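Engineer: In our numbering, the protein residues as written are 5 to 382.
Glycine included, C-beta positions come from ideal geometry on N, C-alpha and C.
Because the structure is a prediction, the values reported are computed rather than measured.
The structure that follows is given in the form of structure tokens.
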Amino acid sequence: MEYGRKNPFPATIKEAYSLARDDVKETFHYVIDITGSGLEYKAGDSIGLFPRNDPALVDALLVKLGASGDEVVELKRKGEMSFREALESHLTIHRSNRKFLKPLMTKLPSDDQQGLEQLLADRTALDQYLNVRDYIDILNEYPDVHFTAEEFAQSVGGITPRLYSIASAPGVHPGEVHLTIAVVRYHNFERDRAGLATGFIADRVTVGETRILVFIQPTREFVIPENSSHDVIMVGPGTGIAPFRAFLEQRELDGATGRNWLIFGEWFEKTTFFYEEEFTAWQESGLLARLDTAFSRDQSEKVYVQHRLQQAGAEVWEWLEGGAYFYVCGDKDYMAKDVHQALIDIAREHGGLSEEEADYYVNRTLMKEEKRYLRDVY
Ligand SMILES: Cc1cc2nc3c(=O)[nH]c(=O)nc-3n(C[C@H](O)[C@H](O)[C@H](O)COP(=O)(O)OP(=O)(O)OC[C@H]3O[C@@H](n4cnc5c(N)ncnc54)[C@H](O)[C@@H]3O)c2cc1C
Ligand SMILES: NC(=O)c1ccc[n+]([C@@H]2O[C@H](COP(=O)([O-])OP(=O)(O)OC[C@H]3O[C@@H](n4cnc5c(N)ncnc54)[C@H](OP(=O)(O)O)[C@@H]3O)[C@@H](O)[C@H]2O)c1
């Protein structure tokens, strides 16, 4: 059977190093070994991986539940297994879920039930409550409640795979998938916490040893232009840089004649200029016709990628008018929205379009009709 999401390949990490200096940020470059898997990918694709929970958290939860871990539980589509295995590899336990609150309610005295009902009716308060608690925190609030292993297993959600944009071109790194990953860490209720997948990779994976279940998530849209004579503008702050390293490697390999313009943003030039040597070498070789950087914390006022776009508005417009493709990767909630607005402003200011025309040009012409404005945002 071919490897894929339903049958993920047990890969190892063959190399891992920090992309930031002086520990200012936990962003790492990982090289995943996929030799012998038959997995194939192209620049623009993502890799999916199935993380496992922290055994220390599993132990703490077992203690809280008064369970041994040897109990047998049955999970939908996965069948029977020990409770410990379910907690380690199949159930989301590092964050809580509203699904848990219904069975919890049935175990509470009526006063507490009312409080929980009120919480369930208030979406914002509920999100805030769930966002900062795991099941240990919730059970700490209701010390008299008891869940059996089977009840608990049926009351929480499963683990979903995490996606990461691939930072390598397959022809340049055969048998390898490169990734750029920022580790999620925070502190709540006097415990240090980490994102499930990023904590797993950063803290519990031994290079060359630990098996990680992976699959390729291909993209149909986020691809380099088929006709390599088209210019490309790539906006990738933070981990958003990942697919553009792959694009540039691929364009170099293809001998693409179109120009490449990269706009990268991070905190500090000295410590967080990820892949600086590669990018400056590509600038010298001419592969990068233009490289702009926005280091947000090198001065008192924030400088972001959209500011660099606006400053170079005339050239951006000229490139777009010449048929350039425009790519954005990284944070969906803030950065991508601001870059989108910057593009509309540029069309207005430098293209002489009205507010409405500029909006139409970006949202319809570029994005939908010509499919030259492509995003990989998360
Ligand atoms: C197509 C695609 C490509 C992607 N590519 C990349 C990539 O190249 N590199 C990369 O690093 N990521 C990438 N991501 C994001 C990645 O998939 C994960 O979402 C990310 O790594 C976090 O996963 P996690 O399991 O570590 O965190 P999770 O366990 O899923 O936790 C993340 C959650 O933690 C929450 N959180 C953060 N801080 C706090 C806090 N202080 N208090 C409470 N909650 C908090 C956030 O709300 C967030 O929802 C991509 C996502 C997609 C969809
Ligand atoms: N869905 C997700 O899970 C998700 C998505 C994206 C990022 N994140 C979280 O963010 C952390 C780092 O992510 P990352 O490495 O990709 O970097 P990032 O946080 O996106 O930061 C990269 C650069 O973008 C800047 N920035 C902040 N707001 C911006 C805006 N509105 N427009 C343009 N640029 C902006 C940052 O500046 P300043 O920080 O100085 O303001 C920084 O210089 C991770 O811990 C990750 O969990 C999570």
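Rounded to whole angstroms, what is the Cα-Cα separation between ARG195 and LEU134?
Structural biologist: As a working note, residue 195 is residue 191 in the sequence shown. As a working note, residue 134 is residue 130 in the sequence shown. The alpha-carbon atoms of ARG195 and LEU134 are separated by roughly 16 Å.
Engineer: If I follow the unbroken beta strand (DSSP E) through THR31, where does it start and stop?
Structural biologist: What you label residue 31 is simply residue 27 of the sequence shown in a count that begins at 1. Element bounds for THR31: 31-37.
Engineer: What residue does the beta strand (DSSP E) around HIS191 start on, and which one ends it?
Structural biologist: Residue numbering aside, residue 191 sits at position 187 when the sequence shown is read from its first letter. 189-192 is the extent of the beta strand (DSSP E) around HIS191.
Engineer: Cβ of LEU308 within 6 Å of any heavy atom in ligand 2?
Structural biologist: Counted from its first residue, the sequence shown places residue 308 at position 304. For the record, residue 308 in the displayed sequence is Tyr; it is not Leu. TYR308: yes, Cβ under 6 Å from ligand 2.
Engineer: Sort out for me which residues DSSP pairs ARG195 with in a bridge.
Structural biologist: Counted from its first residue, the sequence shown places residue 195 at position 191. In the DSSP output, where bridge partners are listed per residue, ARG195 has ASN192.
Engineer: How many whole angstroms separate the CB atoms of ARG294 and VAL332, which I take to be in contact at a CB cut-off of 8 Å?
Structural biologist: If you number the sequence shown from 1, residue 294 lands on position 290. If you number the sequence shown from 1, residue 332 lands on position 328. Their Cβ separation, rounded to whole angstroms, is 16 Å, which puts ARG294 and VAL332 out of contact at 8 Å.
Engineer: PHE268 lies in the beta strand (DSSP E); which residues open and close that run?
Structural biologist: Against the sequence shown, residue 268 aligns to sequence position 264. Unbroken beta strand (DSSP E) run through PHE268: 264-270.
Engineer: Which of helix, strand or coil does DSSP assign to PRO107?
Structural biologist: Residue 107 sits at position 103 when you count from the first residue of the sequence shown. Here PRO107 sits in helix by DSSP.
Engineer: Quick one: measure Cβ to Cβ for PHE248 and PRO55, integer angstroms, because I've assumed they're closer than 8 Å.
Structural biologist: Translated into the one-based positions of the sequence shown, residue 248 becomes position 244. Translated into the one-based positions of the sequence shown, residue 55 becomes position 51. At roughly 25 Å, the Cβ-Cβ gap does not stay under 8 Å, so PHE248 and PRO55 are not in contact.
Engineer: If I measure Cβ to Cβ from VAL209 and keep anything under 7 Å in the same chain, skipping five residues before and after, which residues do I get?
Structural biologist: For this step, residue 209 is matched to residue 205 along the sequence shown. Excluding positions up to five away in sequence, the list reads ILE17, ILE216.
Engineer: Quick check: what's the CA-CA separation for LYS375 versus ARG224?
Structural biologist: What you label residue 375 is simply residue 371 of the sequence shown in a count that begins at 1. What you label residue 224 is simply residue 220 of the sequence shown in a count that begins at 1. C-alpha separation (whole angstroms): 12 Å.
Engineer: Look at the alpha carbon of VAL67 and the alpha carbon of ALA186, and state the distance between them as a whole number of angstroms.
Structural biologist: Along the sequence shown, one-based indexing puts residue 67 at 63. Along the sequence shown, one-based indexing puts residue 186 at 182. Their Cα atoms are separated by approximately 31 Å.
Engineer: With distance defined between alpha-carbon atoms, name the residue in GLN287, LYS46, PRO59, THR152 nearest to ALA71.
Structural biologist: For this step, residue 71 is matched to residue 67 along the sequence shown. For the residues GLN287, LYS46, PRO59, THR152, the minimum Cα distance to ALA71 belongs to THR152.
Engineer: Report all residues from its chain with a CB closer than 6 Å to the CB of PRO222; omit the five preceding and five following residues, and keep chain order.
Structural biologist: For this step, residue 222 is matched to residue 218 along the sequence shown. Only ASP49 meet the Cβ criterion.
Engineer: Compare the Cα-Cα distances from VAL309 to each of TYR329, LEU357, TYR338, GLU288 and report the closest residue.
Structural biologist: As a first step, residue 309 is located in the sequence shown; it is residue number 305 there, counting from the start. Closest by alpha carbon: TYR338.
Engineer: Please tell me whether, using a cut-off of 6 Å, the distance from the CB of TYR168 to the nearest non-hydrogen atom of ligand 1 is below it.
Structural biologist: Position 164 of the sequence shown, counting from 1, holds the residue named residue 168. Result yes, Cβ under 6 Å from ligand 1.
Engineer: Would you list, in sequence order, the uninterrupted beta strand (DSSP E) runs of no fewer than 3 residues that lie entirely inside the stretch 299-329?
Structural biologist: Whole beta strand (DSSP E) segments, 3+ residues: zero.
Engineer: Just to confirm before moving on: does the CB-CB distance between VAL136 and GLU92 stay below 7 Å?
Structural biologist: Position 132 of the sequence shown, counted from the first residue, corresponds to residue 136. Position 88 of the sequence shown, counted from the first residue, corresponds to residue 92. It is not a contact, given that the beta carbons lie outside the stated cut-off.
Engineer: Based on Cα-Cα distance, which residue from ALA171, SER100, VAL320 lies nearest to GLY161?
Structural biologist: Start at 1 with the first residue of the sequence shown, and residue 161 comes out as number 157. With distances taken between Cα atoms, GLY161 lies closest to SER100.
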